[in-house]
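Participant: Per our numbering, the sequence shown runs over residues 1 to 200.
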Amino acid sequence: MDEIDFVTLIPYVFITTFTPGPNNISCAASAARWGMKRTWGYLLGIGSGFFFILLLSGAFSGTLIGFIPWLERYMRWVGAVYILWLAWGLAKSEGQGGIGAESPMRGFAKGFVLQFVNPKAILYAVTLYTAFLGPILARPLPVVFSAALFATVGFSSILAWAVFGLGIDRFLQNPLHNRTVNVCFSLLLVWTAASVVGLL
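#1: If you measure between the beta carbons of Ser186 and Leu90, is that distance less than 7 angstroms?
#2: Smallest Cα separation from Ser61: which of Phe52, Ala125 and Trp34?
#3: Determine the extent of the alpha helix (DSSP H) in which Leu9 is found, giving its start and end residues.
#4: Run the CB neighbour count on Arg139, radius 10 Å, all protein chains shown included, and call it buried at 16 or more, exposed below.
#5: Under 7 angstroms between the Cβ atoms of Phe150 and Leu44?
#6: If you measure between the beta carbons of Gln115 and Ala109, is that distance less than 7 angstroms?
#7: Taking the alpha carbon of Thr8 as the point to measure from, which residue in Ala160, Cys184, Thr127 and Asn182 has its own alpha carbon closest?
#8: From Val78, Ile25, Tyr12 and Val13, pick the residue whose C-alpha is nearest to that of Leu159; which is it?
#9: Assign Thr17 to one of two classes, buried (16 or more other C-beta atoms within 10 Å of its C-beta) or exposed (fewer than that).
#10: Kindly indicate which residue of Ser195, Ala162 and Thr130 has the alpha-carbon position closest to the one of Leu56.
#11: Anyone know if the C-beta pair for Ala193 and Ala80 falls short of 7 angstroms?
#12: Is Thr39 helix, strand or coil by DSSP?
#13: Taking only the alpha-carbon atoms, compute the straight-line gap between Pro42 and Phe112 and give it to the nearest angstrom.
#14: Indicate, with yes or no, if the ligand ATP has a heavy atom lying under 6 angstroms from the CB of Gln173.
#15: With distances taken Cα to Cα, identify the nearest neighbour of Lys37 among Glu3, Ala147, Gly107 and Val78.
#16: Classify Glu3: buried if its beta carbon has 16 or more other beta carbons within 10 angstroms, exposed otherwise.
#17: Quick one: give me the first and last residue of the alpha helix (DSSP H) that Phe155 is part of.
#18: State the DSSP-derived secondary structure class of Lys110, mapped to helix, strand or coil.
#19: Can you tell me whether Pro22 is buried or exposed? The criterion is at least 16 other CB atoms within 10 Å of its CB, across all chains shown.
And the structure:
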């Protein structure tokens with residue numbers, strides 16, 4: 001049995017997980033706009049959805065990789081549309097969200113659903129198991145453990161980005177600053193969507 005190459009696995013995991021993507025950018029934007037208390041549900045939704053994506057990838061990686069050439073194109077466009085919806089909702093929001101303010105980045109369900117239309121997360125998970133963790137695919141317990149481990153790494157990433165967003169909260173008390181940051185985060189999400197479908 002081949003052994004896992006941790007020298008290449010570890011950089012892949014951390015670089016892919018902590019670089020900007022739909023999860024990280026939307027979490028930073030949500031915390032900056034609505035605070036950590038109202039972002040926790042979204043964070044937990046992302047973490048749970050990502051765990052399921054990892055678990056499914058580990059359990060069915062052979063089948064998934066066979067379907068990827070056919071599914072990838074459609075998955076990318078669906079993901080891009082969802083990301084653009086997040087960007088639009090953020091760009092048109094004004095001022096600090098009140099108690100009753102709604103956001104496209106609030107709630108467990110929205111964070112959970114994002115994972116199933118997030119090409120970066122899905123391709124990351126499939127690549128992780130097919131390219132790096134092949135030796136454990138025949139053993140259910142290591143697959144479950146690895147899914148939990150890498151979901152935890154992913155959660156630490158979105159949490160770090162949310163804390164970054166929270167850190168600029170005082171800056172956002174100025175309406176002009178707030179509007180500028182909203183637009184910047186929205187443009188980052190648009191850039192992410194364009195990258196997802198290969199336009200950049």
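Positions of the beta carbon are idealized from the N, C-alpha and C atoms, including for glycine.
Facilitator: This is what the structure gives:
#1: yes
#2: Ala125
#3: Phe6 to Phe18
#4: exposed
#5: no
#6: no
#7: Thr127
#8: Ile25
#9: buried
#10: Thr130
#11: yes
#12: coil
#13: Position check: residue 42 holds Tyr in this sequence, whereas Pro was assumed. Computed Cα separation, rounded: 8 angstroms.
#14: Within the structure as shown, the ligand ATP is missing, as the structure has no ligands at all.
#15: Gly107
#16: exposed
#17: Pro140 to Gly167
#18: helix
#19: buried
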